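Worksheet for the structure shown next.
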Amino acid sequence: MIVFTESNNNFIEIVLLTDGLKKIKSSKRQISSSQTDEFIQQIDKLIRDQGDQIKGIFIKPDLESYTSVRIAFTIVNFLGFSCNIQPVAVNSIEQINLEAIEKFDHPLLPEYKNGPNITRAKR
33 MIVFTESNNN FIEIVLLTDG LKKIKSSKRQ ISSSQTDEFI QQIDKLIRDQ GDQIKGIFIK
93 PDLESYTSVR IAFTIVNFLG FSCNIQPVAV NSIEQINLEA IEKFDHPLLP EYKNGPNITR
153 AKR
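Right under this line is the structure:
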């Protein structure tokens, strides 16, 4: 079980990936709840500027921060609906592979237990 606390670290990392999962852009920022909409708009613009090159998105929140995790969920939901891109949540960028992106078609932050590194949303 994870206990979320309000830390001052609200860091969130976003990495855009192409075929072969090469990084296009990477951004790691400290973000507050009041900056969520602005941050999402910046990500949306970045995605639209890159066009069809983007094949996946890596999102890693600060798991000790409730705010960071909530913002990550907001970003995942936004990307799924507006950009038709499904982020895949994993423990680290090295664990992403194309099979995982194809197999897990709905985003959810990982449960971070001793189980699988990628978790599919329960419907």
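So for the sequence shown, my numbering puts the first residue at 33; every next one is plus one. For glycine and all other residues, C-beta sits at the position ideal for the given N, C-alpha and C. These figures come from a predicted structure and were not determined experimentally.
The C-beta distance from I72 to I79 rounds to 10 Å, too long to meet the 8 Å contact threshold. Within 10 angstroms of the beta-carbon of D94 lie 16 or more other beta-carbons, which makes it buried. By the Cβ neighbour-count rule, S64 is exposed, with fewer than 16 other Cβ atoms within 10 Å of its own. I44 is a Cβ neighbour of R61, given a cutoff of 8 Å. Assigned with DSSP and collapsed to three states, E96 falls in coil, not helix or strand.
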